[in-house]
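J.:
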Amino acid sequence: MITIVAPFYTYFSKKVKELKKRNKMTGSKKKMLFWKRETVGSNLIALDITKRNLLYFNKVNNKPACVIINLKDIHSCTIKKQYHGINAGGLMKQKLQDYLKNILLYLCFNNGSRSIALPFYEEQDNRKEDAERLEIKAKEWETTISKLLNRQVAERA
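According to the UniProt record's numbering, numbering within the sequence shown proceeds without interruption in unit steps and concludes at 157.
(1) How far does the alpha helix (DSSP H) with L55 in it reach, from first residue to last?
(2) Assuming the contact rule is C-beta atoms closer than 8 Å, E123 and N110 should be a hit. Round their C-beta distance to whole Å, please.
(3) For Y121, which beta-bridge partners are listed by DSSP?
(4) Grab me the residues of K80's own chain with a C-beta within less than 6 Å of its C-beta, minus the 5 sequence neighbours each way, in chain order.
(5) Along the chain, where does the beta strand (DSSP E) that runs through residue 168 open and close?
(6) Strictly by DSSP, which residues pair up with I116?
(7) In angstroms, rounded to a whole number, what distance separates the CA positions of W141 and I86?
(8) Compare the C-alpha of E135 against each of N62, K59, Q97 and C108 and name the closest.
(9) Is DSSP giving K128 helix, strand or coil here?
(10) Using beta-carbon positions only, say whether L118 and Y56 come within less than 8 Å of one another.
(11) Could you check what DSSP says for N87 in three-state terms: helix, strand or coil?
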């Protein structure tokens with residue numbers, strides 16, 4: 001079992017190092033100062049509080065992608081969980097957590113017409129055991145971003 005785990009660990013640690021390296025390069029190009037930075041599964045999320053930007057690295061169709069979101073354009077930040085369908089009596093046999101499909105950090109823009117969902121947990125990419133830990137991380141990010149949004153509203157008034 002150890003011989004199987006070691007290659008996966010090496011593979012994932014290389015991916016995390018790659019993401020961090022790209023994060024430093026993108027951040028230095030944009031002259032960003034990251035106050036908070038965290039690896040979330042195979043993704044990376046970072047926050048620049050001086051410029052009020054949220055940076056999110058992920059992979060789309062096996063190609064790296066980066067989203068930079070200006071928090072001045074964000075109205076609200078919430079966590080949304082998506083579940084698989086639950087049959088009648090299903091919760092008597094299994095926990096609600098067993099039906100969890102996604103945990104998303106959901107950002108709504110000021111104009112109300114658009115929103116963006118940043119995945120923290122995806123069933124196909126993460127282990128079930130990681131769901132609780134990633135949910136805690138998502139709540140921490142929701143709190144941090146919401147505080148910045150509330151401060152922003154107070155500054156406008």
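Note that the Cβ used here is the ideal one computed from N, Cα and C, for glycine as well.
T.: So, from the listed chains and residues:
(1) Here L55 belongs to no alpha helix (DSSP H); instead the beta strand (DSSP E) covers N53 to V60.
(2) E123 to N110, Cβ: 32 Å. No contact.
(3) In the DSSP output, where bridge partners are listed per residue, Y121 has I103.
(4) Take K80, set aside five residues on each side of it, and the residues of its chain with a beta-carbon closer than 6 Å to its own are L104 and Y106, in chain order.
(5) Since the first residue of the chain shown is 1 and the last is 157, residue 168 is not available in this structure.
(6) DSSP, once it has assigned bridges, lists L107 as partnering I116.
(7) Rounded to whole angstroms, the gap between the alpha carbons of W141 and I86 is 29 Å.
(8) Among N62, K59, Q97 and C108, the Cα nearest to that of E135 is on Q97.
(9) DSSP places K128 in helix when its eight states are reduced to three.
(10) In this structure, Y56 lies closer than 8 Å to L118 by Cβ.
(11) In this structure, DSSP gives N87 a state outside helix and strand, which the three-state scheme calls coil.
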